[in-house]
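Residue numbers (our numbering): 361 to 673.
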Ligand code: BTN
């Protein structure tokens with residue numbers, strides 16, 4: 361967030377403050393303060409003025425300035441009411457040389473999922489893409505997908521939702537899909553240039569608006585409508601913490617995932633692998649005991665099988 365704007369909000373959060381006091385403490389003109397207050401009001405912040413000065417009466421439900429206000433992570437937020445795909449926009453920002461930026465939208469008209477699938481993104485969801493430039497070899501990139509799944513799972517578990525992860529990146533509640541992650545990147549073999557972690561979380565949406573090909577759910581149907589601003593802030597703060605300590609990602613993922621210990625069928629680009637999921641190795645490969653051999657799977661669609669059966673759980 362723009363520095364002066366952030367400082368004005370911080371001061372207002374501490375109690376009423378007059379325009380001249382703000383101008384003096386921030387070292388800007390009163391006109392500049394007034395302009396910022398007006399722009400915050402336009403962004404949906406309720407800032408009445410009285411004898412004691414301006415005060416912060418309410419913060420908007422969602423939006424760029426609202427998410428940045430009180431965000432415990434150094435990301436700048438670009439918000440759109442509607443956009444084709446936040447991943448596409450984050451990619452444009454990457455080409456412009458940006459980093460540590462997050463694109464958030466209320467609705468996507470061309471949301472993309474894994475394996476070139478459509479990702480239905482009606483108004484009310486949390487559709488976001490985090491742009492980073494980690495200094496790691498390209499093969500390590502999948503660890504950030506796991507970080508996205510862990511951060512999302514942690515944020516929604518704080519709401520009392522019993523979310524778990526299905527390898528590699530589905531966040532589920534009782535086998536129903538709540539969120540998915542689509543990571544895209546550019547770089548050479550030995551180094552990533554940029555990485556975009558796109559997270560789609562069915563927040564305040566009716567599952568009836570979502571595709572029926574697989575069981576789906578939303579936060580709204582699990583707990584009732586949620587405060588998307590707080591959920592987004594918690595998700596981003598958790599993601600930032602994990603990204604700063606990549607060694608912590610795999611243990612955190614293992615703790616929250618349901619896949620290890622299950623019988624699985626994985627559709628990989630090289631064919632089907634069926635067996636017992638016995639572990640997950642860095643940077644996120646699934647280890648499957650097929651009976652005859654131990655196979656490591658780097659990518660694919662994973663199905664949890666019931667013993668001796670083919671049904672999904
Ligand atoms: C999946 O197939 O499970 C991954 C879905 C990822 C969807 C998110 S929504 C925000 C970002 N923008 C997109 O177009 N896709 C990702």
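Every residue gets a Cβ at the ideal spot worked out from N, C-alpha and C, and that includes glycine. Here the structure is a predicted model, which is why all the values come from computation and not from measurement.
Please find out if some non-hydrogen atom of the ligand BTN comes closer than 7 Å to the beta-carbon of residue i.
i: residue 530; result: yes
i: residue 474; result: yes
i: residue 574; result: no
i: residue 527; result: no
i: residue 580; result: no
i: residue 445; result: yes
i: residue 559; result: yes
i: residue 480; result: no
i: residue 554; result: no
i: residue 600; result: no
i: residue 487; result: yes
i: residue 477; result: yes
i: residue 540; result: yes
i: residue 569; result: no
i: residue 468; result: yes
Would you tell me roughly how many angstroms separate the C-alpha atoms of residue i and residue j, rounded to the nearest one?
i: residue 545; j: residue 554; result: 6 Å
i: residue 396; j: residue 414; result: 12 Å
i: residue 459; j: residue 491; result: 6 Å
i: residue 660; j: residue 598; result: 26 Å
i: residue 650; j: residue 601; result: 36 Å
i: residue 521; j: residue 557; result: 23 Å
i: residue 657; j: residue 366; result: 45 Å
i: residue 595; j: residue 457; result: 24 Å
i: residue 672; j: residue 501; result: Only weak support is given to the placement of residue 672: the predicted model assigns it a pLDDT of 41, under 50, and the question is left unresolved by the model.
i: residue 462; j: residue 478; result: 21 Å
i: residue 670; j: residue 514; result: Note that residue 670 has pLDDT 47, beneath the 50 cutoff, so the model's placement of it is unreliable and no number is given.
i: residue 645; j: residue 504; result: 13 Å
i: residue 452; j: residue 438; result: 12 Å
i: residue 613; j: residue 369; result: 36 Å
i: residue 422; j: residue 440; result: 10 Å
i: residue 533; j: residue 641; result: 24 Å
i: residue 375; j: residue 518; result: 29 Å
i: residue 408; j: residue 593; result: 25 Å
i: residue 412; j: residue 425; result: 24 Å
i: residue 629; j: residue 387; result: 60 Å
i: residue 406; j: residue 418; result: 5 Å
If residue i sits next to residue j, beta carbons under 8 Å apart, how far is it from one beta carbon to the other, in whole angstroms?
i: residue 379; j: residue 390; result: 5 Å
i: residue 489; j: residue 470; result: Their Cβ separation, rounded to whole angstroms, is 13 Å, which puts residue 489 and residue 470 out of contact at 8 Å.
i: residue 603; j: residue 624; result: Between residue 624 and residue 603 the Cβ distance is about 28 Å, and since that is not below 8 Å, they are no contact.
- Task: Just list the alpha helix (DSSP H) runs in the region 410–459, keeping only unbroken ones of 4 residues or longer that don't cross its boundaries, in chain order.
- Result: 424–428 and 446–455
- Does the region 532–545 come within contact of the region 564–582, defined as at least 3 CB pairs closer than 8 Å? yes
- Residue ranges of each beta strand (DSSP E) run of no fewer than 3 residues wholly in the region 532–577, ordered along the chain? 536–548 and 551–561
- Mind the definition here: the region 582–593 touches the region 411–430 only if three or more C-beta pairs lie below 8 Å; say whether that holds. yes
- Task: Identify every run of the beta strand (DSSP E) within the region 632–671, keeping only runs that are complete inside it and at least 3 residues long; order them along the chain.
- Result: 645–649, 654–657 and 661–665
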